[in-house]
Every structure is written in structure tokens, then in C-alpha cells.
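Have a look at the structure below before the remarks.
Right, here's the structure in full:
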């Protein structure tokens with residue numbers, strides 16, 4: 513059994529991770545850290561887990577966690593995880609970071625998009641980007657894995673195989689719509705139920721921090737116009753990607769590289785993805801239409817932002833790190849309904 | 513009082529129209545036609561209107577309607593309204609058509625996108641496109657007004673003033689997200705509540721019938737890549753429009769043409785529109801961001817698809833046709849919540 | 513034109529009231545008070561009203577309001593309105609209070625349920641309970657009208673005509689389900705969208721402050737077991753009332769007293785009410801089933817909690833106070849969809 | 513590995529069952545029957561399972577299923593499962609029926625509530641009611657298990673331990689609110705998204721077929737006034753149970769019988785259950801308030817209607833039948849969010 517520690521245990525990413533670890537046949541939660549709720553029972557703070565978890569929430573103590581855990585997964589808000597990761601890394605325990613602090617390789621970009629200096633730039637080169645379909649060998653040996661963001665996954669998976677057809681200097685237009693759980697559990701007027709229900713909005717136009725993460729993962733071979741939106745549902749991201757390929761090519765062939773990927777489902781031409789078929793699963797679905805009239809290729813992908821995009825990918829990385837079958841504990845189909 | 517007849521009275525567009533006419537100080541419903549429910553009381557078929565409407569639903573009889581009505585508004589599904597409109601037109605009564613049959617001027621495009629021959633091509637030149645901000649003089653005298661579609665309005669209003677900056681042969685990317693009422697009241701598996709709730713999907717990529725309507729209204733000066741989506745809300749459309757202007761220009765100045773438009777609200781730079789502030793109102797809100805990094809301009813608009821996009825615009829046209837203040841009966845603010 | 517002042521202008525009740533006053537042919541908003549946002553434009557704080565209201569939010573000044581307004585409507589949270597009402601009342605201006613401070617006649621009950629001493633018990637006898645179907649003569653002359661709560665309206669209207677059949681000492685079971693706007697705009701974890709969406713819960717069992725309001729309005733002739741619930745919708749209350757009548761009687765006859773009520777719709781036996789047909793309207797719909805097997809009568813009522821239950825009733829009272837037709841400005845049918 | 517056959521594979525209950533069986537470490541789906549879609553790939557008809565299931569849908573053949581399966585689970589609409597169950601039973605294979613056909617022991621009640629004669633009354637005495645907390649020994653040996661309905665489970669679990677306090681001839685008031693998946697996948701106007709979203713309604717007052725199932729399971733020691741409601745969410749049931757106990761007693765003690773139940777969570781006094789903490793789990797949560805003013809006890813329970821109430825309970829019964837730990841494959845915590 514892999515002994516798993518979770519830091520930032522009350523956040524949405526960590527909750528979903530706990531749900532997955534509890535159902536995982538080869539892993540178990542052994543320590544849960546929450547600075548704000550230390551001392552309380554997990555089952556009191558997170559009633560969904562009553563009857564399943566006997567642990568108390570504890571304060572952060574890297575040495576103690578290292579002694580009891582085979583891996584520690586950190587799920588705290590952006591710009592806050594680096595100190596935890598550094599302290600844990602120094603003990604030698606392996607670390608998965610659900611947050612963005614170790615995804616960007618360039619500290620200048622981090623500063624530009626996150627508005628603070630990177631707290632541990634010396635570790636950036638050690639961290640492996642946890643996008644399993646592209647980096648599984650590096651993940652297997654990694655000491656620090658930076659789990660991809662939810663939006664980036666929904667863009668990188670569909671675009672990476674098509675890069676040869678992308679004009680480098682013409683923006684690829686990415687309009688993504690997310691469920692509200694992606695915004696986390698912090699209260700704000702815009703996510704108060706009567707405001708968000710029956711609403712649709714776009715936000716952070718031109719400045720969203722996932723833009724450089726996507727471009728970096730695509731080898732800076734695409735200029736990405738990323739516009740995130742939020743819609744009144746809890747889970748899921750639907751991403752619509754539009755660009756005019758520089759030459760004709762066989763899209764289905766380009767996606768054949770995913771044939772043996774356990775969690776990428778290539779639906780085919782004329783079959784855009786839908787959130788309902790991936791909700792509650794670790795899948796990234798994708799399909800496309802090539803519009804002959806305009807010359808544009810439109811690819812539509814769907815993920816469950818808490819599963820495929822964050823916690824599910826973290827478990828997939830953990831499976832790789834510990835030599836398990838990658839899909840262990842992740843075989844749930846989509847919930848529809 | 514303007515005596516209003518409504519044909520296709522049980523559809524969603526007609527229901528909203530009835531709601532508006534009932535609250536209108538200078539109009540009243542005098543005849544409601546429904547072939548499927550003729551003979552029944554309006555208040556039995558549409559319980560929302562119990563206590564407000566004493567009419568019975570009746571079969572279609574153009575001559576009888578013409579005698580009793582000052583204007584007849586037709587709200588039946590696409591490709592079905594033309595025969596009603598023709599028969600009414602022949603009696604001399606003025607007609608507003610909520611459907612698409614008289615929007616496209618080119619019968620070949622109608623055939624391409626609607627898959628049937630146009631039932632009354634001889635009337636196409638008589639019909640005026642009921643987009644009040646651009647055609648109010650023609651609407652004032654029109655015998656047949658083709659009320660714009662909901663998606664088209666959300667694209668035409670924000671794009672029309674910017675056309676000088678649009679490269680004619682590079683597609684403008686339009687990703688629009690609609691509430692489900694836009695799909696009408698016909699039952700289908702995809703709109704069954706447990707399937708649609710918590711879902712997001714794109715549909716009719718590259719073939720949506722509103723594409724030529726938008727391009728025609730923009731004088732065929734833009735190539736539009738229109739991708740409609742549906743999200744789990746009842747009312748509202750949020751439309752995100754992305755293109756790279758061919759030169760720098762002052763966006764706010766371009767939108768100054770709407771300064772005295774009663775139902776276009778230009779929110780400004782950095783202020784993308786939201787559905788919550790237009791729900792239940794006749795407004796089209798719009799705001800924008802110019803991304804210096806990519807060179808793209810992104811404009812986001814919002815409407816209530818049943819109000820601003822269909823029935824509200826129909827009432828606005830009716831007000832123009834009968835010499836009333838354009839905003840009569842349409843002064844409701846957005847419902848938030 | 514009735515000149516209307518609104519105190520507490522940013523709350524949900526006041527927003528809805530503003531929406532109604534703007535559409536009202538004989539009333540207009542002339543002053544809007546918000547302590548927290550004084551000095552700002554209404555249209556900046558409440559973007560839904562941009563283009564419709566030119567006012568700035570102002571600080572509270574009773575004398576100034578009295579000079580400019582024919583009536584002032586106070587919409588601030590419970591236990592906070594009494595000082596405003598008192599100051600306004602002293603100027604002689606007529607006051608409508610959307611909150612609960614002047615509904616209970618017994619200050620001891622107020623203290624028991626609201627946990628504070630009543631701030632102005634000397635005014636309780638002057639205040640008229642603004643339940644139009646029962647108190648329209650008193651409302652016509654009232655200086656202070658305490659507008660009923662949303663839940664109470666949904667119970668009092670269906671139960672009042674049946675009181676002769678109610679056993680005084682056996683609790684009438686009232687299970688009511690509300691949309692989330694009823695909880696107001698204060699942020700809390702439970703109303704954060706990802707928590708509330710797809711959730712159902714009961715709350716304040718046995719201690720909800722609307723219990724004594726309902727019992728008082730029913731002349732203390734019924735013992736009410738009121739259990740409120742919240743469901744993931746924005747507007748609407750559905751109330752299910754169950755009791756075993758002490759004798760057989762003709763329910764339809766008992767409800768005949770509402771025949772000429774403009775906003776009570778008696779649907780009949782076997783026709784329980786639904787929220788969709790009253791949303792956006794001022795109606796209270798009701799229907800019932802008498803279960804011969806158990807001897808129970810079950811009455812189901814539906815209202816839009818922001819309209820029928822609060823702001824709509826306030827406008828109805830205002831119409832009565834100023835000698836207008838009661839339904840002026842309130843003729844909208846339900847929104848379905 | 514338990515080889516599982518599923519009949520009625522495209523219904524909502526069967527889909528959820530398939531999801532659970534796929535994630536179950538000791539069971540696997542080996543045959544899936546759908547008369548309407550026989551011959552098609554499961555992954556084409558149910559895209560949520562693409563990549564996880566290689567089976568084709570097949571026509572019903574009892575003998576063939578019996579040869580390949582250790583257990584067959586039937587999930588077809590009420591009144592339709594009996595012929596399938598009978599044919600399967602005759603082959604000797606063990607059968608779990610998700611539907612209601614074998615729950616009521618009295619064929620006269622079946623006829624009264626389901627409006628048809630029972631198709632196989634001779635098997636009623638063989639069928640065991642699959643309510644694990646009460647019948648696990650009988651389930652272990654059963655050849656036919658009638659899995660409880662979703663509403664009944666949410667009532668029986670909270671009420672059964674309290675029966676000594678229930679007055680037999682005074683109705684216990686049960687107001688239950690369900691998500692829409694409980695209504696199945698058949699299309700109807702009332703469950704069309706724009707009609708159901710933002711709606712609340714009660715239905716089948718006094719005649720719902722779960723009434724006799726509940727009363728039978730409670731040994732006919734309670735008269736149940738069951739009023740079901742539907743709210744705009746996909747999954748979940750919240751049930752509010754109100755009655756006046758005939759004597760004072762210790763509620764917590766009465767519920768101590770569930771201390772070692774794996775899927776009943778007794779939250780305690782003052783802690784009514786919520787759907788968000790059971791969604792996606794097999795738990796039935798319950799809590800209560802005793803109102804001293806009225807003498808009423810109010811118990812509130814919550815389940816995921818597709819899990820705790822139907823498919824999860826079926827898997828729990830299967831685990832019992834095959835000698836596994838009861839919670840195998842069912843250890844997921846609630847999804848919140």
C-alpha cells in the first residue's frame with residue numbers, strides 16, 4: 513500500500529484526491545494537513561467522508577510526514593505551495609503538487625502572471641510536468657511532479673499532436689467553459705449561488721495564468737488566445753479550439769498517438785466531446801470538425817476538471833511513480849447522469 | 513391599443529411575446545392561433561397565463577385574423593412560417609415573423625442551410641430584417657418584418673461597428689454559449705434534464721443556419737466561424753468574438769454609434785458582458801479586451817435569448833411600426849438574481 | 513407619479529422592487545439609499561439597471577427622503593429596519609418595510625425568534641400586516657406596512673380559508689422548499705455555488721422565525737410545524753401543507769373567497785401548484801389532494817419568493833395605499849421557461 | 513471474479529450499476545442485454561463507457577445468460593421486469609431486480625398501485641427484499657432479490673428503528689424531494705430542461721407506488737403520507753419525516769442499531785442530512801430535531817438515489833450473496849463538490 517499524505521486537505525482538489533485514494537486498491541491516506549482546521553476530525557470538517565476516514569487534520573511538519581508517507585500531495589492555492597514542496601523535498605519524500613507553482617520553467621513568466629516572485633526557483637529544474645501521456649518516463653523517476661492545470665490539460669492533449677499544422681504567429685483561439693468548482697472554495701460575490709446560477713461569463717481575458725503553461729507545454733510552437741468562461745455547473749470543462757491549419761492533413765492519423773493512452777478518447781471527425789460523458793471520470797475526450805468553407809479546424813475536448821484535470825492526473829502520476837498499472841483506481845466510467 | 517394576433521402560440525418565443533404584450537401599456541393580445549391545441553383555453557395550455565388571458569386558441573384563418581388584428585406575430589419553427597406569413601401578407605395585415613424564413617435574402621443559402629426550398633421566395637424582397645439599431649426607418653414602413661435570430665443579434669451588434677478593422681478573408685471566431693430555451697420546446701434526449709444538467713456541449717459546428725444570417729447582416733464583409741454551445745441554464749446567450757484587427761483603432765469610438773440606442777449597453781474596455789445582468793431584459797450588453805500580446809480583439813456580448821434576441825426585439829419593432837416610443841413595455845432591468 | 517424611495521437598495525428584495533417600480537406606469541424611483549455604497553451610481557453597483565436609472569446611491573436622511581418621496585420602501589436585513597422605519601415614520605412619510613421587524617405584534621416572540629429586543633415596540637400597533645387579500649382596507653390608510661415574508665405568504669394564503677377544519681392542537685405540517693435568493697446576498701459556505709448546486713437541505717428546523725408570523729396571521733388557530741428547505745434554483749417557493757381535517761368539507765368552496773383576488777389562482781383538486789408557472793409573476797398558485805386512505809388534506813402552493821412573497825406584494829400594497837388598481841404594474845404572467 | 517449480466521442496460525439504474533461493477537475489484541460485466549439496442553457496441557450507445565467496456569448489447573436469452581453469468585441484474589421499468597426475472601430464475605441463475613415487480617408481497621396492492629395484474633405472483637414468496645441492514649441473512653441465500661426503491665430506502669432506514677413511538681393510525685408525514693434522474697430516461701414535457709430547470713413540483717400525491725412498499729417494509733405499523741417532489745438537480749433524495757411520537761424516548765439510542773452498518777451514517781440531533789455529502793456514494797445519512805413546542809420529531813435523511821437507493825444497494829446485496837465484504841467496491845466518499 514502506498515501511504516499518501518495530503519497537504520491542504522480541505523480544498524476542492526484535495527477532497528477529490530481523498531475520494532480517489534480511498535477507492536484506490538493500492539493506496540491509503542495516512543496523514544492530512546490543514547493549517548486552518550488542524551486538530552479537527554477529517555469527518556467533521558468534510559462530512560462527505562464520515563465513516564471512511566478516521567484521521568485528524570494536523571499541522572504541517574515535513575519531517576513527520578516524510579516518516580509516515582511514501583508520497584505527499586500538496587493541494588493549496590497558487591503561489592502558496594512552493595514552501596511546502598521545498599520543505600518536503602528536502603526530507604527526501606516524493607511530492608506531487610496540484611498547484612501551479614512548479615509548472616512554469618521561467619520564473620519571469622511566473623512573476624508576470626502570478627504577480628509574485630517565485631518562492632523557490634532553484635527547484636524548478638527538478639520538477640517534472642505531470643502530463644502522463646507525454647512525460648511518463650520522467651514522472652516515474654521524479655521527486656517533484658507538477659500536476660497540470662485543468663484548463664491546460666484540456667488544451668494540450670488536443671493540440672500537441674497537431675502542432676505541425678499550426679502557424680506559429682497566428683493565435684490559436686481557445687474558448688473554454690468551466691464548471692464552478694474550478695474556482696475553488698473561496699467565497700466571492702460572483703460565485704454566490706443566486707449570482708452564478710443562470711449566469712454565463714468570461715473572465716481574465718488575455719491575462720489568465722494558464723496561458724503560459726499551455727504555450728510552454730506546446731514547446732512555444734503556438735500562440736494561444738485563451739479565454740476562460742464559467743457556466744452554472746459544478747464539474748467539467750468544455751474547450752473549443754479553433755485555428756486554420758497551414759496545410760491539409762489527416763487529423764485522425766495525427767491523433768493515433770493516443771491509441772494506447774488509457775485516458776484519452778479520440779471520438780473522431782464530426783463528434784465533438786461533451787462533459788456529460790466524462791463527469792466523474794479521468795478521461796479527456798476529443799473530437800473535431802474541419803470547416804471547408806472557412807479553412808478552420810475546430811477541436812472540442814471535455815474533461816472533469818477535478819478528475820482528469822487535477823486529482824485524477826495526480827493519481828495517474830502516482831501510479832507511474834510507484835510502478836503500478838497507470839489506470840489503477842481510475843477505472844470509473846463517466847457519470848451520465 | 514394595438515391589437516396583436518399570435519400564431520404558434522405555444523412555442524417558447526410566442527409565450528415570451530405574450531408575456532411582453534400583456535405587460536405592454538399600448539398593446540393587447542386579441543387572437544392566439546395554435547393548430548395543435550385549437551379550441552382549448554390559453555390558460556389551460558399555458559398555465560403561467562391563467563388569470564391574465566381569457567382567449568381560446570384557434571385555428572389559423574388569415575382573413576379572420578386580419579379583421580381583428582393590427583399586427584400578427586408568427587412564432588412557428590423554422591421553414592414552417594412562410595405559408596402563414598404569405599397568407600397573412602395577402603390580407604394586408606402587417607406581419608412580424610419570429611422565425612428564420614424571411615431573414616436570408618438568397619434562396620440558395622436558405623436551401624443550403626435549411627435543407628428545403630424556400631416556400632415563398634417572391635416575398636423575400638418585401639421582408640425587412642428587424643434589427644432595430646440598423647433598420648428602424650425600413651421597419652417603420654414594413655409589411656413583413658423578419659425578426660433576427662438570438663445568436664445573430666449577439667454577434668451583429670458587437671461586430672457591425674468594427675467591420676472596417678476586420679480582414680475579410682480571415683475568419684472571425686465566434687464561440688457562443690446559449691441557455692436551453694433556445695432549442696425550443698421539442699423533446700429530445702439531449703435536452704432531457706438529467707442529460708443536459710451539468711453538461712456542456714458544442715453542436716452544429718460549421719453548419720449552423722445562423723452563420724449566413726450573420727454574414728449577410730454584416731454585408732458579407734466578414735467570414736464568420738460560428739460555433740454554438742449549450743450550457744445548463746434556461747435563458748441567456750454569452751458570445752465571445754475573437755479576431756485580429758488589421759489596424760489599431762479606438763474601439764470605444766467605434767461603439768459610440770450606440771450611445772442613443774435604448775437597448776445596447778456598451779460596458780467598455782476590460783468589462784466583458786454577463787448574462788445575469790440582461791436576463792429578463794431586452795438589453796444587449798457588450799465589452800471588450802484588446803490583447804496586445806497576440807494582437808487579438810476579444811468582444812463579449814450577452815443577451816436574454818428569449819427577450820433581446822427574439823420576442824423583445826419583436827416588440828421593439830412593433831413599437832416602431834406603430835409610432836410608439838421604442839422602449840414602450842420594454843423597460844424592465846435585468847433580473848439579478 | 514408616485515415618487516418612491518428605497519432604503520437598502522443593494523439587497524435582493526430591493527433590487528426586485530426597483531425592477532418592478534421601473535416598469536410601473538404610475539411610479540418612479542427618486543431616491544436610493546445604501547449606507548455601504550453611498551456616493552456610487554446605482555448603475556455601477558447594480559449593472560442590471562444600467563441605462564434605466566440615473567440616480568446615485570445616498571446615505572440615509574429621513575427628512576430629505578420625506579421631502580422627495582411619497583413612499584419609502586425599506587429593504588434591509590431582519591432586525592435592522594426598525595430604526596429606519598421609526599425615523600421615516602416620524603417625518604410623516606408613508607413606509608413599507610420588506611423586512612420582518614414590524615410583522616410580529618408580540619415583542620416577546622420577536623425576542624424569542626430574532627434573539628434581540630425589538631428596537632421600536634411602540635410602533636408595533638401602528639404597523640399593518642401587508643397581506644393584501646386580508647387587510648386591504650387597513651393597508652389603504654396605513655402609515656407603516658409590514659410586508660409579509662415569502663414563506664408566510666405561501667402558507668397563509670392556502671391555510672387561512674381552511675381554518676375551520678384545522679384541529680388547533682395537532683400540528684399542521686408545512687414542508688417548504690425555497691430557491692436560494694431567499695437567503696439574500698450575504699456570502700456563506702453553504703450558498704457557494706459548488707456547495708449549493710446539486711444539493712438539497714433542510715435548515716432551522718423548529719426555530720425558523722417565520723413560524724410565529726404564520727401562526728399570528730392565522731389567528732393562532734393552528735399549530736404550525738414549519739420546516740424550510742433549500743434547493744438549487746434561484747427563485748421560487750413550493751410549499752406542501754399536510755393536515756387531517758376534523759370534518760369533511762368542500763375545499764373548493766372554502767377557496768371561493770379568492771375568486772376575485774387578482775393574484776391568487778386556485779387550481780383545484782388534483783392540481784398541485786408548480787414554481788415554473790409563477791416565476792417572475794406576483795401570483796400565488798394553489799391546488800390540493802384529499803387522501804381518503806389517510807384522511808389527510810395536502811395543499812401545495814407556489815410563489816416567486818422575490819415577487820409574490822416580497823417585492824410584488826409591496827407594490828400591490830403601494831397601489832392600494834395610493835388608490836390605484838391593485839394590479840397596476842404587476843400584470844406579468846409567469847415565465848415558463 | 514463475479515461474472516455479472518445486466519438486463520435493460522441503457523436505463524439510468526443499469527448505467528450506474530455498470531459504473532459500479534467496472535470499478536468493483538471482484539466483479540466484471542460479461543453480458544449486457546438491451547432489446548432496443550441489441551447488436552450495437554455498449555460504448556456507442558453509452559459513450560461514458562467508451563474505452564472501458566468491449567461488450568456488444570445483446571437480445572435477452574435466459575439460458576445463454578445463465579451459462580455465462582454468476583448473477584444477472586435486471587433494470588427495466590416497473591411492471592416489465594417480472595417476465596425476465598421468471599425466465600432467468602428458471603435457469604437457476606441468481607437474479608437481482610432493480611425494479612419494483614417483486615417488492616410488494618401482496619398482488620392486490622401491486623394491482624392497485626401499478627394498474628396491472630402481477631405477471632408472476634407465484635414467485636413473490638421466493639423474492640427477498642434487498643434492504644441489507646434488515647435482511648442480510650436472507651439476501652445471502654436468496655435466488656431473487658428485489659432491490660428497494662430509492663424513496664423507500666430514504667424512509668425505511670430512518671423510521672424502522674422508531675416504530676415503537678409511532679401511533680399506528682396517525683399518518684407519518686413524509687415529504688421527499690428527488691433529483692430528476694429518479695424519473696428515468698423517458699422523455700416527457702415536464703422533464704425537458706427548460707421546464708424542469710428552476711422549477712419545483714409535487715406529484716402523484718396520495719397514489720405513489722412507493723407508499724405500500726414503505727408501509728410493508730415497516731411491518732404495516734405506520735400509516736405513511738408520502739408526498740414526492742422533484743427539484744432541479746440530477747441526483748439525490750432529501751426526505752423529511754414528521755410525526756408526533758406517542759411517548760418521549762432517546763432517539764440516539766434507537767439509532768444505535770446502525771452503529772456497525774457500513775452505509776448508514778447517523779449524524780445526530782440538530783444535524784439534518786444533506787444531499788451534497790452523499791452524492792456519488794452509497795450512504796444514507798440521517799439526523800433529527802425534536803420540537804418541544806409542537807411535540808413533533810422531524811427526521812431528515814439523504815441518499816444518492818442512483819447509488820444508495822438502487823444500484824449501490826444492488827452491489828451491496830451482490831457482495832452479501834457472494835460472501836464478499838459488504839462494502840467491496842462501494843468505498844467512495846460523497847462528492848462535495
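Chains as they are written, first to last, in the working numbering: chain A, 513 to 849; chain B, 513 to 849; chain C, 513 to 849; chain D, 513 to 849. All C-beta atoms in this analysis are idealised placements derived from N, C-alpha and C, irrespective of residue type, glycine included.
Within the same chain, no residue comes within 7 Å of residue 706 of chain C by CB-CB distance, once the 5 residues on both sides are set aside. Taken in chain order, the whole alpha helix (DSSP H) runs of length 4 or more contained in the region 598-652 of chain D are 619-626. Distances from the CA of residue 674 of chain A to each of A:810, A:793, A:625, A:690 were compared; the closest alpha carbon is that of A:810.
Proximity to residue 605 of chain D across D:756, D:515, D:734, D:636 peaks at D:515, based on C-alpha coordinates. Interface annotation for the region 541-560 of chain A against chain B: empty, criterion Cβ-Cβ distance under 9 Å. Collapsing the DSSP output to three states places residue 531 of chain D in a helix. For residue 792 of chain D, the residues of chain A that pass the 9 Å Cβ criterion are 531, 560, 792, 847, in the order they occur in the chain. Restricted to the region 685-742 of chain D, the alpha helix (DSSP H) segments that are unbroken, complete and at least 4 residues in length are 705-708, 722-729, listed in chain order. Under the DSSP assignment, residue 803 of chain B falls in the beta strand (DSSP E) whose first and last residues are 796-803. Interface criterion met: the Cβ of residue 748 of chain D is under 7 Å from a Cβ in chain C.
A direct Cα-Cα distance of roughly 7 Å separates residue 693 of chain D from residue 524 of chain D. With a threshold of 16 other beta carbon atoms within 10 Å, residue 835 of chain B falls short and is exposed. Proximity of residue 703 of chain C to chain A, defined by a Cβ-Cβ separation below 7 Å, is satisfied. Residue 809 of chain D does not reach chain B, its nearest Cβ partner there being about 33 Å away, counting only Cβ pairs nearer than 7 Å.
Short of 8 Å from the beta carbon of residue 598 of chain B, and not among the five residues preceding or following it, lie these beta carbons of its own chain, in chain order: 631, 632, 635. Cβ-Cβ distances below 7 Å link residue 703 of chain D to 692, 695 in the same chain, with the five nearest sequence neighbours on each side left out; the list follows chain order.
Secondary structure note for residue 545 of chain A: its beta strand (DSSP E) is the uninterrupted segment 539-545. Comparing alpha-carbon positions, the option among A:564, A:528, A:769, A:554 lying closest to residue 773 of chain D turns out to be A:564. Residues 673 of the same chain have their beta carbon placed closer than 7 Å to that of residue 769 of chain D, with the five preceding and five following residues left out of the count. Taking the Cα of residue 610 of chain C as reference, the smallest distance to any Cα among C:658, C:579, C:531, C:573 is reached at C:658. For residue 745 of chain A and residue 648 of chain B, the gap between their C-alpha atoms comes out near 39 Å.
In this structure, residue 600 of chain C lies near residue 584 of chain C, with their beta-carbon atoms less than 7 Å apart. Inclusion of residue 656 of chain C and residue 829 of chain C in the CB contact set at 7 Å is not warranted, their separation being larger than that value.
Per DSSP, residue 772 of chain B lies in no alpha helix (DSSP H) segment and is marked neither H nor E.
Around the beta-carbon of residue 759 of chain A, fewer than 16 other beta-carbon atoms lie within 10 Å, marking it exposed. For residue 824 of chain C, not one C-beta of chain B is nearer than 7 Å to its own C-beta.
In this structure, residue 581 of chain B keeps its C-beta atom at 7 Å or more from the C-beta atom of residue 520 of chain B.
Residue A:617 holds the alpha-carbon nearest to the alpha-carbon of residue 731 of chain A among A:529, A:617, A:532. In chain order, 689, 750, 752 make up the part of chain D whose C-beta sits under 8 Å from the C-beta of residue 741 of chain C.
The shortest C-alpha to C-alpha distance from residue 741 of chain A to any of B:813, B:551, B:573 is the one to B:813.
Take residue 821 of chain B, set aside five residues on each side of it, and the residues of its chain with a beta-carbon closer than 6 Å to its own are 662, 665, 815, in chain order. Across the set B:776, B:792, B:799, B:794, the C-alpha of B:799 shows the shortest separation from the C-alpha of residue 785 of chain B.
Scanning its chain for C-beta atoms nearer than 7 Å, with the 5 sequence neighbours on each side dropped, one finds around residue 824 of chain D the residues 532, 794, 842, in chain order.
Judged by their CB atoms, residue 552 of chain D and residue 625 of chain D are not nearer to each other than the 7 Å cut-off. Think of a sphere of 7 Å around the beta carbon of residue 693 of chain D: the chain A residues whose beta carbon falls inside it are 849, in chain order. Nearest CB-CB separation between residue 770 of chain C and chain B: not below the 7 Å threshold.
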